[in-house]
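Take a look at the structure set out below.
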Amino acid sequence: MMPNIEQPFRLNWASFGAGEGRGGDGSDYTIFVSDLASDVSDFMLQEIFRSHYPSVKGAKVVTNRTTGRSKGYDFVRFGDVNEQTRAMTEMNWMLCSTKAMRIGPATTKKTGGDQQYPTKASYQTT
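In terms of the UniProt record's numbering, the sequence shown opens at residue 1 and continues consecutively.
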């Protein structure tokens with residue numbers, strides 16, 4: 001907790017955008033995971049995927065900035081495009097905690113319009 005603030009402080013390392021990962025460590029291939037139970041953490045999801053796909057680099061549950069609660073979706077980063085593609089098929093509708101996950105490619109809204117395009121998201125997890 002931060003002093004004089006009732007809500008817990010959570011540092012958000014996420015920096016979603018097109019391009020290479022921080023530090024030039026190679027390409028990242030990201031999937032979007034939705035319908036997550038509220039108890040699913042970054043670490044839990046990362047380990048579920050890593051047990052099937054060794055190239056998993058990290059997972060980031062998206063949270064409400066005000067409450068710190070999960071919004072029910074996540075992004076999982078892979079170092080291998082083939083594992084990313086397999087995960088979208090093989091892990092779709094798999095149980096994670098108490099709910100089945102829905103999985104698809106990560107997309108970013110294009111500024112100035114409603115079109116979307118695939119992206120390589122980059123972020124660091126601690």
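From the three backbone atoms N, C-alpha and C, an ideal C-beta is built for every residue, glycine too.
Own chain, CB closer than 7 Å to residue i, minus 5 neighbours either side, in chain order
i	result
Glu-83	Tyr-53 and Ser-55
Gly-24	Residue confidence is low: Gly-24 scores 44 on pLDDT, short of 50, so the model does not pin down where it sits. Its coordinate-derived value is still stated next. If we look at Gly-24 and ignore the five residues flanking it on each side, it has no Cβ neighbours.
6 Å Cβ shell around residue i - same chain, five flanking residues per side excluded
i	result
Gly-104	Phe-32
Phe-49	Val-56 and Val-76
Leu-11	Reliability of the predicted coordinates at Leu-11 is poor, the pLDDT of 45 falling under 50, and the value obtained from them is presented with this limitation in mind. No residues qualify anywhere along the chain.
Lys-80	The sequence as given places Asp at residue 80; Lys does not occur at that position. Taken in chain order, the residues that qualify are Ser-55.
Tyr-29	Phe-78, Val-81 and Gln-84
Beta carbon of residue i nearer than 8 Å to that of residue j
i	j	result
Ala-59	Gln-46	yes
Phe-75	Ala-106	yes
Val-61	Asp-42	yes
Arg-35	Gly-68	The identity of residue 35 in the sequence shown is Asp, whereas the question assumes Arg. No, Cβ-Cβ distance for Asp-35 and Gly-68 is not below 8 Å.
Local conformation of residue i per DSSP, three classes
i	result
Asp-39	coil
Thr-85	helix
Gly-23	Low confidence applies to Gly-23: its pLDDT is 39, below 50, so where it sits in the model is not reliable enough to give any reading.
Arg-69	coil
Buried or exposed (CB count within 10 angstroms, at least 16 for buried), residue i
i	result
Met-101	buried
Val-40	buried
Met-91	buried
Thr-98	exposed
Thr-89	exposed
Where the beta strand (DSSP E) through residue i begins and ends
i	result
Gly-58	56-63
residue 134	Given a span of 1 to 126 for the chain in the structure shown, any question on residue 134 remains unanswerable.
Gly-104	102-105
Close-in-space but distant-in-sequence residues of the same chain around residue i (CB under 8 Å, 5 per side omitted)
i	result
Ala-87	Ile-31, Phe-49, His-52, Tyr-53, Val-76, Phe-78 and Ile-103
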